[in-house]
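J.: Chains as they are written, first to last, in my numbering: chain Z, 1 to 148; chain L, 1001 to 1148.
Glycine is no exception: its CB is placed at the ideal position from the N, C-alpha and C atoms.
Please read all numbers here as calculations on a predicted model, not as lab measurements.
One structure, as structure tokens, below. Some questions next.
Number of protein chains: 2
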Amino acid sequence: MTHAIQVFAEYLNSKDLKLTKERRAVLQEIFLHPGHLEAEDLAHNLRKKRKRASRATIYRTLDLLVESGIVRKVDLGHEHSHYELELDNPHHEHMICLKCGKVLEFSDKAIERDLNRLCKRSGFEPSSHRFQIFGYCDRCRKAREQAV
Amino acid sequence: MTHAIQVFAEYLNSKDLKLTKERRAVLQEIFLHPGHLEAEDLAHNLRKKRKRASRATIYRTLDLLVESGIVRKVDLGHEHSHYELELDNPHHEHMICLKCGKVLEFSDKAIERDLNRLCKRSGFEPSSHRFQIFGYCDRCRKAREQAV
DNA sequence: CTCGCTATTGAGACTGAATCTCATTCTCAG
DNA sequence: CTGAGAATGAGATTCAGTCTCAATAGCGAG
């Protein structure tokens, strides 16, 4: 957390931007709820603590956090974006449970190798990728099997 | 095309729905522009031919086409959905050029195997997945390299 | 401390994709 | 031909996200 604030402060400074109380509050809130959170939740949580920040500010701050490499924007197949910490959290893919919404993270060297091989074959220069698997987590799968 | 209309008619029939001229026009238009099209383009193309269909009808028809397995809804990283033919077009992944928007399709047995192995390991039962690689296609990559 | 410059904020308007409402129109089996 | 249910289109609505702009805050210079 302290590290993140430092990184953020440095990034802002390098752009002649300021670490305001709103920006600090957003970052703090992200650390309090690790996992995959959405902008609207952030707004709601901050409001509960009397640390209001307008939607505009929250989205603007999230953009800054993404630019500074502290937070990653992820697509979990919903209509809106989710955000997860990027610091000390290497790139990975997601398995998303269609029943309970649980998100499992995974990463795999073999897949990365395949990806590079395929790109090379097509002369495509990859710069980012995302991979999502939708299905049923262990718990929900068992519940379904019992129901049958 | 004839095959697709037949499949669609059968699907509609099984649900006590009708193959109207609007629905037929949408399907026809999809065949005229193979590739990855968006709802708004469809509307625009139909309008040019005096075969107007309201947005509501287009979206409703696309849903029906997806349900009947004729069309597939795909995510190419834009804010809106794209659609591609599913008949005679097996599942595949997409490489999307960030410069020109070109979409390359690929599929790979090895990735599918890895996917299943990873799911098994987590007790996750996969039902669908998607994999997108963003980067630069051959042509745009070369243009970039020259520019440097 | 004051001035002045730039960055910041929040309220609310706006956008774009997609969905919904509902009155009107169409379809087709009987 | 008729009526019930399906289909349609115009426009309202939703929802995430962005933009505008007037008011405010922060800060260095004098």
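Would you verify that the beta carbon of residue 92 of chain Z is, or is not, closer than 7 Å to some beta carbon of chain L?
T.: Output row for residue 92 of chain Z: interface = no.
J.: Please indicate yes or no: does the CB of residue 132 of chain Z lie closer than 6 Å to some heavy atom of the ligand ATP?
T.: Absence of the ligand ATP from the depicted structure is noted, as is the absence of any ligand whatsoever, leaving it without description.
J.: When the Cα atoms are used, what is the spatial distance from residue 955 of chain L to residue 129 of chain Z?
T.: In the structure as shown, chain L begins at 1001 and stops at 1148. Residue 955 of chain L is therefore absent and cannot be evaluated.
J.: To which residues of the same chain is residue 1060 of chain L closer than 7 Å at the C-beta, ignoring the five residues directly before and after it?
T.: Once the five neighbours on either side are set aside, residue 1060 of chain L has no close Cβ partner at all.
J.: In the DSSP output, which residue or residues are listed as bridge partners for residue 1040 of chain L?
T.: Per DSSP, none; premise fails for residue 1040 of chain L.
J.: Taking the beta strand (DSSP E) that residue 55 of chain Z falls in, what are its first and last residues?
T.: Not the beta strand (DSSP E): residue 55 of chain Z falls in the alpha helix (DSSP H), residues 55-67.
J.: Note the first and the last residue of the continuous alpha helix (DSSP H) segment covering residue 1140 of chain L.
T.: Counting along the chain, the alpha helix (DSSP H) containing residue 1140 of chain L begins and ends at 1138-1147.
J.: Who are the near neighbours of residue 90 of chain Z in its chain, counting only those whose CB is closer than 8 Å to its CB and skipping five residues on each side?
T.: Correct list, in chain order: 107.
J.: Taking just the CA atoms, how far does residue 71 of chain Z sit from residue 62 of chain Z?
T.: C-alpha separation (whole angstroms): 8 Å.
J.: Who are the near neighbours of residue 1140 of chain L in its chain, counting only those whose CB is closer than 7 Å to its CB and skipping five residues on each side?
T.: Closer than 7 Å at Cβ, skipping near neighbours: 1097, 1099, 1100.
J.: Thinking just about the alpha-carbon of each residue, which of L:1041, L:1093, L:1023, L:1124 is nearest to the one in residue 1068 of chain L?
T.: Cα-wise, what sits closest to residue 1068 of chain L is L:1023.
J.: Can you tell me which of the three DSSP states residue 97 of chain Z falls into?
T.: Residue 97 of chain Z: strand per DSSP, three-state reduction.
J.: Excluding sequence positions up to five away, which residues of its chain have a Cβ less than 8 Å from the Cβ of residue 1015 of chain L?
T.: Within the same chain, residue 1015 of chain L has no close Cβ partners at all.
J.: If we count the other Cβ atoms within 10 Å of its Cβ and call it buried at 16 or more, is residue 1125 of chain L buried or exposed?
T.: Classification for residue 1125 of chain L: buried.
J.: According to a CB-to-CB cut-off of less than 8 Å, which residues of the segment 1113-1126 of chain L neighbour chain Z?
T.: Going along the segment 1113-1126 of chain L in chain order, one finds 1114, 1115, 1118, 1119, 1122, 1123, 1124, 1125, 1126 with a Cβ nearer than 8 Å to chain Z.
J.: Can you tell me whether residue 143 of chain Z is buried or exposed? The criterion is at least 16 other CB atoms within 10 Å of its CB, across all chains shown.
T.: Label assigned to residue 143 of chain Z: exposed.
J.: Quick one: does residue 35 of chain Z have its CB under 7 Å from some CB of chain L?
T.: By this cut-off, residue 35 of chain Z is not an interface position.
J.: Would you say residue 96 of chain Z lies against chain L (beta-carbon separation less than 7 Å)?
T.: Taking Cβ atoms only, chain L never reaches closer than 7 Å to residue 96 of chain Z, which makes this a no.
J.: Excluding five sequence neighbours on each side, which residues of the same chain lie with their C-beta closer than 7 Å to the C-beta of residue 113 of chain Z?
T.: Counting only Cβ-Cβ distances below 7 Å, and skipping sequence neighbours, we find nothing.
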